[in-house]
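Asks: Just passing along the structure, written as structure tokens.
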């Protein structure tokens, strides 16, 4: 019986936490597409920085 009470308390706590912290509107197709575009942009910027840093490192090694 105690296990059932603890399980229900944990279940209610989890549901209330998710209800307050997870916004269902974040999971629409438009928002997910927008987030993917942002991540691709961030990845592109990071790759460009890495390439630039590698080029600078090569130049510094040659000096």
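Numbering (our numbering), first residue to last: 9 to 71. We treat Cβ as the ideally placed atom computed from N, Cα and C, and that holds for glycine. Being a predicted model, the structure only gives us computed values, none of them experimental.
(1) Along the alpha helix (DSSP H) that carries residue 29, what are the first and last residues, could you check?
(2) Within the continuous alpha helix (DSSP H) that includes residue 56, where are the two ends?
(3) Under 9 Å, do residue 39 and residue 47 count as touching if we go by C-beta distance?
Replies: The answer reads as follows:
(1) 10-29
(2) 37-70
(3) no
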